[in-house]
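Heads up: the protein sequence lines correspond to chains A and B, in order. Be aware that the first sequence starts at 1, since it is given in UniProt numbering, and climbs by one per residue. Be aware that the second sequence starts at 1, since it is given in UniProt numbering, and climbs by one per residue. Right, one structure below, let's go through it.
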Amino acid sequence: MGDSQYSFSLTTFSPSGKLVQIEHALTAVGSGQTSLGIKASNGVVIATEKKLPSILVDEASVQKIQHLTPNIGVVYSGMGPDFRVLVRKSRKQAEQYNRLYKEPIPVTQLVRETATVMQEFTQSGGVRPFGVSLLVAGYDDKGPQLYQVDPSGSYFSWKASAMGKNVSNAKTFLEKRYTEDMELDDAIHTAILTLKEGFEGEISSKNIEIGKIGADKVFRVLTPAEIDDYLAEVEESAAATRRTGKIGNEEEESKMMTGGRNYTRLSIDSQKVSGSVCTPRWFFSRERGVKISPSHHLLICFHKR
Amino acid sequence: MSIFEYNGSAVVAMVGKNCFAIASDRRLGVQLQTIATDFKRISKIHDRLFIGLSGLATDVQTLYQRLVFRHKLYQLREERDMKPETFASLVSAILYEKRFGPYLCQPVIAGLGEDDKPFICTMDSIGAKELAKDFVVSGTASESLYGACEAMYKPDMEAEELFETISQALLSSVDRDCLSGWGGHVYVVTPNEIKERILKGRMD
Chain A
1 MGDSQYSFSL TTFSPSGKLV QIEHALTAVG SGQTSLGIKA SNGVVIATEK
51 KLPSILVDEA SVQKIQHLTP NIGVVYSGMG PDFRVLVRKS RKQAEQYNRL
101 YKEPIPVTQL VRETATVMQE FTQSGGVRPF GVSLLVAGYD DKGPQLYQVD
151 PSGSYFSWKA SAMGKNVSNA KTFLEKRYTE DMELDDAIHT AILTLKEGFE
201 GEISSKNIEI GKIGADKVFR VLTPAEIDDY LAEVEESAAA TRRTGKIGNE
251 EEESKMMTGG RNYTRLSIDS QKVSGSVCTP RWFFSRERGV KISPSHHLLI
301 CFHKR
Chain B
1 MSIFEYNGSA VVAMVGKNCF AIASDRRLGV QLQTIATDFK RISKIHDRLF
51 IGLSGLATDV QTLYQRLVFR HKLYQLREER DMKPETFASL VSAILYEKRF
101 GPYLCQPVIA GLGEDDKPFI CTMDSIGAKE LAKDFVVSGT ASESLYGACE
151 AMYKPDMEAE ELFETISQAL LSSVDRDCLS GWGGHVYVVT PNEIKERILK
201 GRMD
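This is the structure:
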């Protein structure tokens with residue numbers, strides 16, 4: 001395929017045994033916008049940042065989360081145009097399977113076939129690997145499933161995963177927050193909190209996208225209004241947590257928030273501490289606070305009166 | 001003489017209560033001459049799915065081999081057996097691939113689906129599916145088979161009664177057809193076991 005001058009593969013082994021092109025592709029993915037997925041006991045949720053290059057872009061026209069079949073959805077981190085090509089191919093494969101067997105394609109099979117396509121582009125002449133990692137969320141007879149597919153063509157099933165810019169923070173956050181018996185709505189809240197972690201700017205329904213699939217086996221992208229509802233719920237529960245003065249989770253949370261981030265936002269709440277335990281704790285107010293560089297850690301101690 | 005009548009055949013499948021039965025004759029002929037009296041027309045795809053093929057014997061064997069191939073790959077890839085409905089769609093697609101140079105056989109597919117619900121269907125040589133709730137027939141003796149089954153069939157028969165019914169229907173129909181006969185081969189499949197029996201009828 002292609003010009004005869006490029007009948008050799010552009011992806012070749014380095015002396016250390018690595019495929020450098022694939023490493024570079026993973027770098028491209030790693031500099032893409034954060035996306036994540038969480039598998040709940042009764043469904044799967046996937047979400048992504050939707051940072052547009054300018055306020056003039058019509059955000060309603062941008063759809064980063066796509067359907068592959070009525071019961072399988074996908075989100076990506078990396079190069080948008082490569083994603084479009086993969087979505088097109090995957091949809092065709094899913095429909096071919098359906099036409100042959102008159103049965104909706106199982107999630108595993110679709111993931112495997114998509115991964116095969118991605119692998120082919122690492123071993124064919126005149127082509128480069130795809131610069132995207134995919135998170136495929138689906139619900140079939142085997143229950144809810146979440147798969148990640150990498151540019152190399154390898155795929156993994158995850159309980160929760162993240163990709164893109166903020167991947168290490170997001171994964172740490174998910175590791176702490178994930179529970180096996182989480183329900184879909186909890187998972188959506190956790191997804192929003194995880195996105196909020198590394199979010200530059202104010203999170204709103206205009207700059208994130210969320211897709212979910214439940215036991216009804218219908219994949220849906222949430223409307224901005226629904227996202228607003230979830231955001232409000234998240235804010236409410238965060239405010240409630242602050243008011244009751246919970247420890248433990250928040251403390252670890254605070255420690256995590258400062259490690260490895262570009263900047264930390266905090267301002268001191270003038271509220272008196274109503275909890276009776278003497279522990280250092282972080283307070284975050286809702287107003288945008290002062291930007292402090294990463295090496296600063298401010299510890300405020302409140303003593304029992 | 002039509003090419004479908006070259007070898008002679010009779011295949012029938014019937015639905016019972018959480019079970020099904022599939023039966024065929026055993027004659028292999030070359031027009032008027034009988035070559036073999038133990039020809040296998042019904043084959044197992046997996047423990048809950050059987051296919052009987054009538055028509056030209058060479059296509060019967062080749063098509064069976066192709067279908068087993070496809071099913072084995074499916075089993076390896078998807079780590080499960082094919083559902084009968086899915087298998088029927090697959091057979092239909094494979095037959096239609098050869099629309100302008102078809103396999104000269106008519107399959108009869110019988111299986112137990114989810115919840116042990118029996119499934120039967122037949123199709124013509126280019127893949128037109130025909131689902132039925134009671135019985136399906138194919139082969140040179142099909143017209144007699146239609147009549148016999150219609151008369152003898154009752155819904156919700158248990159395995160033993162189903163065996164009796166399908167055997168009587170098969171033997172009386174092939175007796176009216178010179179190209180099929182020389183005994184019968186009956187499989188009765190319930191969720192727990194597969195019973196295979198050979199019938200002795202008029203050996204002519």
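Glycine included, each C-beta is placed from N, C-alpha and C at the ideal position.
Need the endpoints of the beta strand (DSSP E) that residue i sits in, please.
{"i": "residue 121 of chain A", "result": "Residue 121 of chain A -> no beta strand (DSSP E), and no H or E assigned at all."}
{"i": "residue 105 of chain B", "result": "105-112"}
{"i": "residue 220 of chain A", "result": "219-221"}
{"i": "residue 154 of chain B", "result": "Looking at the DSSP string, residue 154 of chain B is not in any beta strand (DSSP E), and its letter there is neither H nor E."}
{"i": "residue 138 of chain A", "result": "132-140"}
{"i": "residue 13 of chain A", "result": "Run containing residue 13 of chain A: none; DSSP gives neither H nor E here."}
{"i": "residue 69 of chain A", "result": "66-69"}
{"i": "residue 160 of chain A", "result": "160-163"}
{"i": "residue 27 of chain A", "result": "From DSSP, residue 27 of chain A is part of no beta strand (DSSP E) but of the alpha helix (DSSP H) over 20-30."}
{"i": "residue 207 of chain B", "result": "For chain B, the structure presents residues 1 to 204; residue 207 of chain B sits outside this window and is missing."}
{"i": "residue 36 of chain B", "result": "33-36"}
Quick one: residues in its chain with C-beta nearer than 7 Å to the C-beta of residue i, no 5 flanking neighbours on either side, listed in chain order?
{"i": "residue 158 of chain B", "result": "16 and 17"}
{"i": "residue 113 of chain B", "result": "83, 84, 85 and 119"}
{"i": "residue 200 of chain B", "result": "183"}
{"i": "residue 124 of chain B", "result": "106"}
{"i": "residue 168 of chain B", "result": "152"}
{"i": "residue 188 of chain B", "result": "19, 21, 159, 162, 163 and 195"}
{"i": "residue 67 of chain A", "result": "73 and 219"}
{"i": "residue 139 of chain B", "result": "9, 10, 11, 54 and 180"}
{"i": "residue 111 of chain A", "result": "136, 147, 149 and 155"}
{"i": "residue 58 of chain B", "result": "none"}
When the Cα atoms are used, what is the spatial distance from residue i to residue j?
{"i": "residue 216 of chain A", "j": "residue 102 of chain B", "result": "41 Å"}
{"i": "residue 65 of chain B", "j": "residue 130 of chain B", "result": "23 Å"}
{"i": "residue 11 of chain A", "j": "residue 24 of chain A", "result": "11 Å"}
{"i": "residue 22 of chain A", "j": "residue 51 of chain A", "result": "25 Å"}
{"i": "residue 262 of chain A", "j": "residue 170 of chain A", "result": "The predicted model places residue 262 of chain A with a pLDDT of 40, which falls under 50 and marks its position as unreliable; any figure quoted below should be read in that light. Approximately 14 Å, taken between the alpha carbons."}
{"i": "residue 39 of chain B", "j": "residue 28 of chain B", "result": "6 Å"}
{"i": "residue 78 of chain B", "j": "residue 109 of chain A", "result": "7 Å"}
{"i": "residue 241 of chain A", "j": "residue 235 of chain A", "result": "10 Å"}
{"i": "residue 116 of chain A", "j": "residue 131 of chain A", "result": "15 Å"}
{"i": "residue 42 of chain A", "j": "residue 197 of chain B", "result": "47 Å"}
{"i": "residue 140 of chain A", "j": "residue 154 of chain A", "result": "21 Å"}
{"i": "residue 57 of chain A", "j": "residue 96 of chain A", "result": "35 Å"}
{"i": "residue 83 of chain A", "j": "residue 175 of chain A", "result": "27 Å"}
{"i": "residue 132 of chain B", "j": "residue 93 of chain B", "result": "19 Å"}
{"i": "residue 178 of chain B", "j": "residue 26 of chain B", "result": "13 Å"}
{"i": "residue 98 of chain B", "j": "residue 1 of chain B", "result": "23 Å"}
{"i": "residue 127 of chain A", "j": "residue 121 of chain A", "result": "6 Å"}
{"i": "residue 227 of chain A", "j": "residue 134 of chain B", "result": "52 Å"}
What residues are listed by DSSP as bridge partners for residue i?
{"i": "residue 97 of chain A", "result": "DSSP output for residue 97 of chain A lists no bridge partner at all."}
{"i": "residue 76 of chain A", "result": "A:134"}
{"i": "residue 54 of chain B", "result": "B:106"}
{"i": "residue 25 of chain B", "result": "B:184"}
{"i": "residue 15 of chain B", "result": "B:20"}
{"i": "residue 121 of chain B", "result": "B:109 and B:131"}
{"i": "residue 146 of chain A", "result": "A:137"}
{"i": "residue 44 of chain A", "result": "A:39 and A:213"}
{"i": "residue 192 of chain A", "result": "According to DSSP, residue 192 of chain A bridges with nothing at all."}
{"i": "residue 10 of chain B", "result": "B:139"}
{"i": "residue 49 of chain A", "result": "A:208"}
Kindly give me the distance between the Cβ atoms of residue i and residue j, rounded to whole angstroms, as I take these residues to be in contact under 8 Å.
{"i": "residue 56 of chain B", "j": "residue 104 of chain B", "result": "4 Å"}
{"i": "residue 89 of chain B", "j": "residue 26 of chain A", "result": "With a Cβ gap of about 40 Å, residue 89 of chain B and residue 26 of chain A do not count as contacting."}
{"i": "residue 96 of chain B", "j": "residue 52 of chain B", "result": "So it is not a contact: roughly 20 Å between Cβ atoms."}
{"i": "residue 118 of chain A", "j": "residue 151 of chain A", "result": "6 Å"}
Under 6 Å Cβ to Cβ from residue i, same chain only, skipping five residues before and after it: list those, please.
{"i": "residue 46 of chain A", "result": "37, 75, 135, 137 and 211"}
{"i": "residue 161 of chain B", "result": "none"}
{"i": "residue 145 of chain A", "result": "107 and 138"}
{"i": "residue 173 of chain B", "result": "141, 144, 145 and 148"}
{"i": "residue 32 of chain A", "result": "77, 78 and 164"}
{"i": "residue 165 of chain B", "result": "152"}
{"i": "residue 7 of chain A", "result": "125"}
{"i": "residue 188 of chain A", "result": "45 and 230"}
{"i": "residue 36 of chain B", "result": "28"}
Who are the near neighbours of residue i in its chain, counting only those whose CB is closer than 8 Å to its CB and skipping five residues on each side?
{"i": "residue 35 of chain A", "result": "46, 47, 48, 49, 64, 75, 76, 77, 135, 162, 163 and 164"}
{"i": "residue 75 of chain B", "result": "46, 81 and 82"}
{"i": "residue 49 of chain B", "result": "81, 82, 84, 87, 109, 110, 111 and 112"}
{"i": "residue 34 of chain B", "result": "27, 28 and 182"}
{"i": "residue 13 of chain A", "result": "19"}
State the start and end residues of the unbroken alpha helix (DSSP H) segment that holds residue i.
{"i": "residue 96 of chain B", "result": "84-97"}
{"i": "residue 213 of chain A", "result": "Not the alpha helix (DSSP H): residue 213 of chain A falls in the beta strand (DSSP E), residues 208-214."}
{"i": "residue 44 of chain B", "result": "It is not in any alpha helix (DSSP H) - residue 44 of chain B instead sits in the beta strand (DSSP E) that spans 42-46."}
{"i": "residue 230 of chain A", "result": "224-244"}
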